[in-house]
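Residue numbers (my numbering): 938 to 1252.
The following block contains the structure:
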């Protein structure tokens, strides 16, 4: 069975909540003299990381996933958990002299986030020899991790003609303009949130139409407003799929990407891919932590139908 190749961070998440507004608290403060502390009434430590989150959700959808990433001396139990879920972890590298990547994410009452990320072992990882796996890979996603390894993932997909979703995330800041342009223009699609897209566009000097010269589609996620799909035919906005409650938005974007990739691997149209992703994301925001224990696919379909008035193709 063909697989989705997922390369991205494997991390532990420390999640903090702030009962207020980051924007209002910082307000008109002089950023040159910024020194601020936020009281967090809630603390949680979970498994996370963009790569592992996407791979986990792919498996919940019944899609085969091969994860390429790095863990440290504290990451063995996480690798075992992913393996138990059915993720192919044969290309997860463990380095005993370092800790696993760690993200510290603060979320305010408007779902704005401030995050710090320590790359840990991934800063010292190496790209594996995957040429014997190419025939089994239908699609790939190259997500944020060590910049050098991220670009090796891009070059691997380009060399072996594997269509890939370019998902630079926070690495929009860490990658050079030429690297971003090359990775995006030769990709099977580009995805970013609004803030990341603005940075990417400013850094490269390229707008939507410039990238669409050779990139089949660009998806800009809009948080609670959904996502915008851009192709040469124009823009289509897919509204967010309503959750029963919102506990924490962390991981919703990775769930959306898993739905998108599953649909792409099944040759669905982009709108249905986006609807599936939005539906899965609506379940993730209902809990603390990014990894759902279970996912009822019938319930996913029913929620999507309620939100969009149409039935998704069969999974």
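C-beta: ideal position from N, C-alpha, C; glycine also. Remember, predicted model here, so these are calculated numbers, not experimental data.
- Task: Just confirm the distance between the C-beta atoms of residue 1154 and residue 1207, as a whole number of angstroms; I'd bet it's less than 8 Å.
- Result: In the chain shown, the residue the question calls residue 1154 occupies position 217. In the chain shown, the residue the question calls residue 1207 occupies position 270. Rounded, the Cβ-Cβ distance is 6 Å, consistent with contact.
- Task: Out of 1087, 1078, 1184 and 1168, state which residue places its alpha-carbon closest to the alpha-carbon of residue 1193.
- Result: Position 256 of the chain shown holds residue 1193. Per the Cα distances, 1078.
- Under 8 Å between C-beta atoms of residue 1099 and residue 1074: Walking along the chain shown from the start, residue 1099 turns up at place 162. Walking along the chain shown from the start, residue 1074 turns up at place 137. Contact flag set, yes.
- Item | Proximity winner among 968, 960 and 1125, relative to residue 1204 (alpha-carbon distances) | Locating residue 1204 in the chain shown gives position 267, counting from the first residue. Answer by Cα proximity: 1125.
- Message: Quick check on this structure: which residue in 1091, 987 and 975 has the alpha carbon closest to the alpha carbon of residue 946?
- Response: Counting from one through the chain shown, the residue named residue 946 turns up at place 9. Comparing Cα-Cα distances from residue 946 to each of 1091, 987 and 975, the minimum goes to 987.
- If you follow the alpha helix (DSSP H) that residue 1078 is part of, which residue opens it and which one closes it? Numbered from its first residue, the chain shown carries residue 1078 at position 141. Where residue 1078 is concerned, there is no enclosing alpha helix (DSSP H), although the beta strand (DSSP E) it sits in stretches over 1074 to 1080.
- Item | Assigned secondary structure, residue 1147 (DSSP; H/G/I helix, E/B strand, else coil) | In the chain shown, the residue the question calls residue 1147 occupies position 210. Residue 1147 falls in the helix class under three-state DSSP.
- Extent of the continuous alpha helix (DSSP H) run through residue 1245: Position 308 of the chain shown, counted from the start, is the residue given in the question as residue 1245. Unbroken alpha helix (DSSP H) run through residue 1245: 1234 to 1245.
- residue 982 classed as buried or exposed, judged by whether at least 16 other C-beta atoms fall within 10 angstroms: As a first step, residue 982 must be located in the chain shown, where it is residue number 45. Exposed is the call here.
- With DSSP run on the structure shown, which of helix, strand or coil describes residue 954? As a working mapping, residue 954 is identified with position 17 in the chain shown. Note: residue 954 maps to strand in three-state DSSP.
- Query: Taking contact to mean at least 3 C-beta pairs separated by less than 8 Å, is the region 1007 to 1015 in contact with the region 1045 to 1053?
  - Reply: no
- Item | Environment of residue 1243 [buried if 16+ CB atoms lie within 10 Å] | Along the chain shown, one-based indexing puts residue 1243 at 306. The residue in question, residue 1243, is exposed, as its Cβ has fewer than 16 Cβ neighbours within 10 Å.
- Taking C-alpha atoms, which residue in 962, 1159 and 942 lies nearest to residue 972? Your numbering for residue 972 matches position 35 in the chain shown. Taking only the C-alpha atoms, the option nearest residue 972 is 962.
- Query: Going by alpha carbons, who is nearest to residue 999 out of 1245, 1200 and 1097?
  - Reply: In the chain shown, the residue the question calls residue 999 occupies position 62. Nearest option by C-alpha distance: 1200.
- Item | Cα-Cα separation between residue 1166 and residue 966, rounded to whole angstroms | Your numbering for residue 1166 matches position 229 in the chain shown. Your numbering for residue 966 matches position 29 in the chain shown. Spanning the two alpha carbons is a distance of roughly 36 Å.
- Query: Touch check for the region 1079 to 1090 and the region 1101 to 1109: three-plus C-beta pairs under 8 Å?
  - Reply: yes
- residue 1065 to residue 1132, Cα distance in whole Å? Start at 1 with the first residue of the chain shown, and residue 1065 comes out as number 128. Start at 1 with the first residue of the chain shown, and residue 1132 comes out as number 195. C-alpha separation (whole angstroms): 32 Å.
- Flag this pair as yes or no: are the beta carbons of residue 950 and residue 1141 separated by less than 8 Å? For the purposes of this step, residue 950 is identified with residue 13 of the chain shown, where counting begins at 1. For the purposes of this step, residue 1141 is identified with residue 204 of the chain shown, where counting begins at 1. No.
- Message: Quick check on the DSSP output: the alpha helix (DSSP H) that includes residue 1216 runs from which residue to which?
- Response: Numbered from 1 along the chain shown, position 279 holds the residue referred to as residue 1216. Where residue 1216 is concerned, the enclosing alpha helix (DSSP H) stretches over 1207 to 1221.
- Go through the region 1093 to 1148 residue by residue and report every complete run of the alpha helix (DSSP H) that reaches 4 residues or more, in order. 1114 to 1122, 1131 to 1141 and 1145 to 1148
- Query: Between residue 1046 and residue 956, is the Cβ-Cβ spacing less than 8 Å?
  - Reply: For the purposes of this step, residue 1046 is taken as the residue at position 109 of the chain shown. For the purposes of this step, residue 956 is taken as the residue at position 19 of the chain shown. Yes; because the gap between Cβ atoms is below 8 Å, this pair is in contact.
- Message: For the region 1216 to 1230 against the region 1112 to 1122, do three or more pairs of beta-carbon atoms, one drawn from each stretch, fall closer than 8 Å, so that the two count as touching?
- Response: no
- Query: Does the beta-carbon of residue 1033 have 16 or more other beta-carbons within 10 angstroms, so that it is buried, or is it exposed?
  - Reply: Residue numbering aside, residue 1033 sits at position 96 when the chain shown is read from its first letter. Burial call: exposed.
- Between residue 1214 and residue 1129, what straight-line distance do the alpha-carbon atoms span, to the nearest angstrom? Stepping through the chain shown from its first residue, residue 1214 is reached at position 277. Stepping through the chain shown from its first residue, residue 1129 is reached at position 192. Rounded to the nearest angstrom, the two C-alpha atoms are 14 Å apart.
- Message: Measuring straight from C-alpha to C-alpha, what distance separates residue 964 and residue 1039?
- Response: If you number the chain shown from 1, residue 964 lands on position 27. If you number the chain shown from 1, residue 1039 lands on position 102. Approximately 28 Å between the Cα atoms of the pair.
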